[in-house]
Amino acid sequence: MEDCIFCKIIKKEIPSTIVYEDDSVIAFNDVNPAAPIHILVVPKKHIATLLDVTEEDKELIAHIYEVINQIARERGFAENGFRVITNCGRDSGQEVMHIHFHVLGGKKLGDKIVE
Ligand code: DGP
135 MEDCIFCKII
145 KKEIPSTIVY
155 EDDSVIAFND
165 VNPAAPIHIL
175 VVPKKHIATL
185 LDVTEEDKEL
195 IAHIYEVINQ
205 IARERGFAEN
215 GFRVITNCGR
225 DSGQEVMHIH
235 FHVLGGKKLG
245 DKIVE
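Residue numbering for the sequence shown follows this note's numbering, beginning at 135 and increasing consecutively.
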């Protein structure tokens, strides 16, 4: 999608620190990290929000969790643990309208998921 910042990252029109890429998924470091490890895992297909996921995306969504699993093991933070967050819509504070999975770790995260 033309005005989508993550589509521009996928097309390499905007630079990012890519940590994983295949035909359907890209993962890169968040520009504004909230933890020592803060990776965004993003499908290359433009899906605006979690509410726009359909039956035809089920393999893609499952694949995203495989990718997260792989990244966590390869980058050495699987054992200590991590958190995966997908914001959806206004109350969540979703800023980028291209579905993405925040992978957070590298320290003991707060006990509360929401403030
Ligand atoms: P969300 O609030 O869930 O929509 O999170 C969007 C995240 O995307 C936020 O943590 C900052 C990150 N982000 C926004 N623009 C860019 C960018 O141009 N590059 C990178 N690497 N991350 C970005």
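Ideal Cβ positions, reconstructed from N, Cα and C, are used throughout, including at glycine.
### Task
Take residue 140 and list the residues in its own chain whose beta-carbon comes closer than 7 Å to its own, dropping the five residues that flank it on each side.
Answer for residue 140: 176, 230, 232, 234, listed in chain order.
#### Entry: Assigned secondary structure, residue 211 (DSSP; H/G/I helix, E/B strand, else coil)
Residue 211 falls in the coil class under three-state DSSP.
### Task
Please find out if some non-hydrogen atom of ligand 1 comes closer than 7 Å to the beta-carbon of residue 244.
Incorrect: residue 244 has no Cβ contact closer than 7 Å to ligand 1.
### Message
Tell me whether residue 191, by its Cβ, gets closer than 7 Å to a heavy atom of ligand 3.
### Response
Absence of ligand 3 is noted for the structure shown, with ligand 1 being the only ligands found.
### Residues near residue 205 by beta carbon distance below 8 Å, same chain, minus five either side
So the list reads 153, 154, 161, 173, 175, 237, once near-sequence residues are dropped.
### Message
Need the endpoints of the beta strand (DSSP E) that residue 160 sits in, please.
### Response
Per DSSP, residue 160 belongs to the beta strand (DSSP E) from 159-163.
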